[in-house]
Amino acid sequence: MSHANTRSLELVFGDASERICIASAVEDKDQAFLSQREKTTFEALRFAAKRTSFLIGRLAAKRALAELLEEQDLRRIEIRSGIYGQPLVDHPRAGALAVSVTHSHGLALAIAFPSAVPMGIDLETASAMSEDAVRAVTGELQCSAAESAWLAGRSVDEATACALLWTAREALGKSLCVGVNSPLGMLALSEIRAAGLDAGDESGWRGCYLNFPRCQWVGEVEDGRVWSLALPLEARLAAGLSFRFN
Ligand SMILES: CC(C)(COP(=O)(O)OP(=O)(O)OC[C@H]1O[C@@H](n2cnc3c(N)ncnc32)[C@H](O)[C@@H]1OP(=O)(O)O)[C@@H](O)C(=O)NCCC(=O)NCCS
2 MSHANTRSLE
12 LVFGDASERI
22 CIASAVEDKD
32 QAFLSQREKT
42 TFEALRFAAK
52 RTSFLIGRLA
62 AKRALAELLE
72 EQDLRRIEIR
82 SGIYGQPLVD
92 HPRAGALAVS
102 VTHSHGLALA
112 IAFPSAVPMG
122 IDLETASAMS
132 EDAVRAVTGE
142 LQCSAAESAW
152 LAGRSVDEAT
162 ACALLWTARE
172 ALGKSLCVGV
182 NSPLGMLALS
192 EIRAAGLDAG
202 DESGWRGCYL
212 NFPRCQWVGE
222 VEDGRVWSLA
232 LPLEARLAAG
242 LSFRFN
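As structure tokens, then:
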């Protein structure tokens, strides 16, 4: 059963179909959902921002996984970090389940999925980006020809456009488990198109990656937030992605 902060979706690939789940979490003092080992990690974190992002990221990840695992007790789902910082799932029934996590300005999103279909998620708060930040980030993106053309004729504000291109890159970097530790142009898009449900609806976007032809991108814009999902080109979501954060 889905809760207000989770959304379960069907993912179709080849002849197979599996459930994935997106979940959100906002700032909360509650730590009761952490496992003993996670509590120890949390206690060692010194900076308030890192402590908050750790808590909300873990909570969103556990909510998404709990839905697929049908687990009531979030303490039984443990999230560890792999050698590149990628999240790893421990649970007796986790099998080949994986999760991707992102946090920005007090909100975390996570997507739980079968590891056979690698995915990455990234969130930015466009409404909190200063003009200088937008200019600096756009300058770093090493845009492809398709991205430059889209930026020149863009129908969304500059911060939203910048966040869409940035989150598309980070989502791909996470799905590949390498993050964005490579020249940013490597992760550029070769195609960007509006994919909202109605004509003129520019809350939904999708596209393809220039150097990773087997991967695709889906982007969403909502209330000043921009989030992206990278997933295999062969995979198809049976319903739209739109998701109300809370
Ligand atoms: C991984 C990376 C894309 C995260 O981006 P970000 O905008 O800082 O943060 P987000 O909130 O979107 O994502 C953070 C989450 O990504 C996940 N993550 C981290 N490294 C990852 C990787 N290699 N692959 C997949 N997911 C990863 C983690 O779950 C992390 O949350 P957690 O630390 O609470 O577990 C980015 O930090 C990166 O690529 N770093 C590599 C470059 C680097 O090492 N720079 C030095 C940083 S000081």
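Residue numbers (our numbering): 2 to 247. We put the CB at the ideal spot given by N, CA and C, even for glycine.
Task: Three-state secondary structure assigned by DSSP to Ile57 - done: Reading the sequence shown from its first residue, position 56 is the one you call residue 57. Note: Ile57 maps to helix in three-state DSSP.
TODO: Would you list the residues sitting across from Phe14 in a DSSP beta bridge?
DONE: Here residue 14 refers to the residue found at position 13 when the sequence shown is read from its first residue. In the DSSP output, where bridge partners are listed per residue, Phe14 has Ala17 and Ala236.
Task: Reduced DSSP secondary structure (H/G/I, E/B, other) of Glu28 - done: Here residue 28 refers to the residue found at position 27 of the sequence shown. Residue state, collapsed to three classes: coil.
TODO: Compute the Euclidean distance between the alpha carbons of Glu28 and Gly107, then round it to the nearest angstrom.
DONE: Residue numbering aside, residue 28 sits at position 27 when the sequence shown is read from its first letter. Residue numbering aside, residue 107 sits at position 106 when the sequence shown is read from its first letter. Approximately 6 Å, taken between the alpha carbons.
Task: Distance CB(Arg226)-CB(Thr126) smaller than 8 Å - done: The residue you call residue 226 lines up with position 225 of the sequence shown. The residue you call residue 126 lines up with position 125 of the sequence shown. Result yes, Cβ atoms of Arg226 and Thr126 sit closer than 8 Å.
Task: Beta-carbon proximity check, Ser101 vs Pro88, cutoff 8 Å - done: Here residue 101 refers to the residue found at position 100 of the sequence shown. Here residue 88 refers to the residue found at position 87 of the sequence shown. Their beta carbons are under 8 Å apart, which means Ser101 touches Pro88 by this criterion.
Task: Other residues of its chain near Val135: CB distance less than 6 Å, five sequence neighbours each side excluded - done: As a position in the sequence shown, residue 135 is number 134, starting the count at 1. Around Val135: Glu159, Ala160 and Cys163.
Open item on the list: At the level of alpha carbons, what is the spacing between Leu66 and Asp133?
Closed with: Reading the sequence shown from its first residue, position 65 is the one you call residue 66. Reading the sequence shown from its first residue, position 132 is the one you call residue 133. Each residue's alpha carbon lies about 38 Å from the other.
Task: Rounded C-alpha distance that separates Ala95 from Ala62 - done: The residue given as residue 95 occupies position 94 in the sequence shown. The residue given as residue 62 occupies position 61 in the sequence shown. Rounded to the nearest angstrom, the two C-alpha atoms are 13 Å apart.
Task: Distance, Cys216 Cα to Ala113 Cα - done: What you label residue 113 is simply residue 112 of the sequence shown in a count that begins at 1. What you label residue 216 is simply residue 215 of the sequence shown in a count that begins at 1. So the two alpha carbons sit approximately 18 Å from each other.
- [ ] Quick one: which unbroken beta strand (DSSP E) runs of 3-plus residues sit fully inside the region 93-171? Chain order, please.
- [x] 98-105, 108-115 and 121-126
- [ ] Within 10 angstroms of the Cβ of Glu171, are there 16 or more other Cβ atoms? Answer buried if so, exposed if not.
- [x] Residue mapping note: residue 171 aligns to position 170 of the sequence shown, counting from 1. Buried, because 16 or more other Cβ atoms sit within 10 Å of the Cβ of Glu171.
Open item on the list: What would DSSP say about Ala50, mapped onto helix, strand or coil?
Closed with: The residue labelled residue 50 in the question sits at position 49 within the sequence shown. Three-state result, Ala50: helix.
Task: Check whether Glu79 and Glu141 have beta carbons under 8 Å apart - done: Against the sequence shown, residue 79 aligns to sequence position 78. Against the sequence shown, residue 141 aligns to sequence position 140. Result no, Cβ atoms of Glu79 and Glu141 do not sit closer than 8 Å.
Open item on the list: Going by DSSP, what residue range makes up the beta strand (DSSP E) through Ala195?
Closed with: Here residue 195 refers to the residue found at position 194 of the sequence shown. Its beta strand (DSSP E) spans residues Leu190 to Ala195.
Open item on the list: At a threshold of 7 Å, does Leu124 count as lining ligand 1 (C-beta to nearest heavy atom)?
Closed with: As a working mapping, residue 124 is identified with position 123 in the sequence shown. Yes, Cβ of Leu124 sits closer than 7 Å to a heavy atom of ligand 1.
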